[in-house]
Amino acid sequence: MSVDGRVILEKIWNPHACFVNSKLANIHTSPFKNIFLQIYSNGSIWHNYRIKLTGPCSNTLRTFPIDQQRCMLFYESFTHNHEQVEMEWIDTGPPITILKGNITLPDYVLVDFSASSELRLYPPGVFNELIATFTFQRLYGFYILQVYVPAYISVFISWVSFYLGAEQIPSRTTVGVNSLLALTFQFGSVVNNLPKTSDVKAIDVWILSSMAFIFASLIELAVVGYLSRDGQHAVIKCHCSWTCMKCREWTAMKLDKASSVIFPTCFFFFNIWYWFVFLG
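Counting in UniProt numbering, the final residue of the sequence shown is number 280, and the numbers go up one at a time with none missing.
Pasting the structure below:
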């Protein structure tokens with residue numbers, strides 16, 4: 001028998017169950033208060049609410065932006081302990097049912113949900129607690145396009161200076177400094193939109209490592225510039241000796257040639273490590 005729960009609900013005993021860790025909970029009232037009550041012939045009662053609920057999530061950002069967030073809801077009686085009320089998930093079907101396909105939010109997609117139960121100790125006694133866990137995967141396509149791809153491009157551009165020659169110091173400096181500044185501004189714009197936490201996030205490791213590769217290319221440029229300048233002084237000291245000049249030029253060229261191999265190789269292995277640790 002189905003009845004109007006709003007009429008007789010106060011006359012029927014109920015366990016006063018609620019989501020004890022919810023931040024906000026409201027019963028839908030459009031077009032009326034959404035409460036359903038059904039009484040079976042054996043005396044069992046089906047009591048149903050349609051609730052809009054705001055609950056907490058783990059909000060761990062260590063692997064941001066390729067992270068997963070777990071949101072847990074704790075459902076238990078607020079006034080009756082385990083000796084008075086035993087709460088358990090329904091055993092005639094799945095305890096949690098998603099009514100409409102996959103749930104997708106602007107930044108997340110629901111990838112898993114589960115139901116469990118446990119006993120929790122409070123000063124008034126031991127209470128039955130039902131736990132609903134929802135796991136959301138962040139949609140990181142935006143960050144791939146706005147952070148990772150620009151960082152790749154900035155690092156690749158910094159390697160162009162290895163092929164410009166030891167004589168093009170001003171041009172090489174411009175390339176390296178502009179790449180570093182572009183990545184710095186990009187990092188700043190991302191950080192401003194993130195919660196202020198002390199955790200080192202995956203995106204921090206990526207940006208700072210990319211900046212380190214670009215900065216290392218500037219250090220290499222400084223060494224090349226020093227060798228080139230030292231080579232000019234050596235020419236004067238040895239009275240324009242062709243052998244001395246040739247030796248100095250070859251040292252700078254050899255460093256550029258070695259850097260054009262070492263830098264991409266190190267960046268390649270860094271990518272393997274990064275994506276294996278944070279994505280694998």
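Positions of the beta carbon are idealized from the N, C-alpha and C atoms, including for glycine.
Runs of the beta strand (DSSP E) lying entirely within the region 34-58, each at least 3 residues long, are 35-39, 45-49 and 51-54 in chain order. Around G55, the same chain offers F19, N21, S22, K23, C71, M72 and L73 as residues with beta carbons nearer than 8 Å, after the five sequence neighbours per side are excluded. Remark: C-beta atoms of T135 and D112 approach each other more closely than 8 Å. When the beta-carbon positions are compared, F162 and S228 stay at least 8 Å from each other. For R120, the closest alpha carbon among the candidates Q146, V149 and I131 is that of I131. When the beta-carbon positions are compared, E86 and N48 stay at least 8 Å from each other.
Here S77 is buried: its Cβ has 16 or more other Cβ atoms, across all protein chains shown, within 10 Å. H80 is classed as buried because its beta carbon has at least 16 other beta carbons within 10 Å across all chains shown. Per DSSP, R70 is one residue of the beta strand (DSSP E) stretching across Q68 to S77. Only buried fits I207, as 16 or more other CB atoms lie within 10 angstroms of its CB.
Membership of N178 in any beta strand (DSSP E) is not indicated; the residue belongs instead to the alpha helix (DSSP H) covering I169 to V191. Annotation for P15: S77, H80 and V85 place their beta carbon closer than 6 Å to its own, counting only its chain and skipping 5 residues before and after.
I27: member of the beta strand (DSSP E) spanning L24 to I27, first to last residue. Beta-carbon to beta-carbon, A17 and Y75 are separated by about 6 Å, close enough to satisfy the 8 Å threshold.
DSSP places N81 outside both helix and strand once states are collapsed to three, so it counts as coil. Taking every protein chain shown into account, the CB of L61 has 16 or more other CB atoms within 10 angstroms, so this residue is buried.
In this structure W273 is not in contact with S217, their Cβ atoms being roughly 20 Å apart against a cut-off of 8 Å. In this structure, E220 sits near L255, with a CB-CB distance shorter than 8 Å. The continuous beta strand (DSSP E) containing I131 extends over residues G125 to R138. Taking a C-beta distance under 8 Å as the contact criterion, V175 and I157 qualify as a contact pair. Look at E118 here: in three-state DSSP terms it is strand. Per DSSP, reduced to three states, the secondary structure at F113 is strand. Going by DSSP, F156 is part of the alpha helix (DSSP H) stretching over V149 to W159. Just measuring C-alpha positions, the residue of V223, T184, L183 and V109 sitting nearest Y140 is V109.
When DSSP states are grouped into helix, strand and coil, A166 belongs to the coil group. In the structure shown, T265 falls within a helical segment according to DSSP collapsed to helix, strand and coil.
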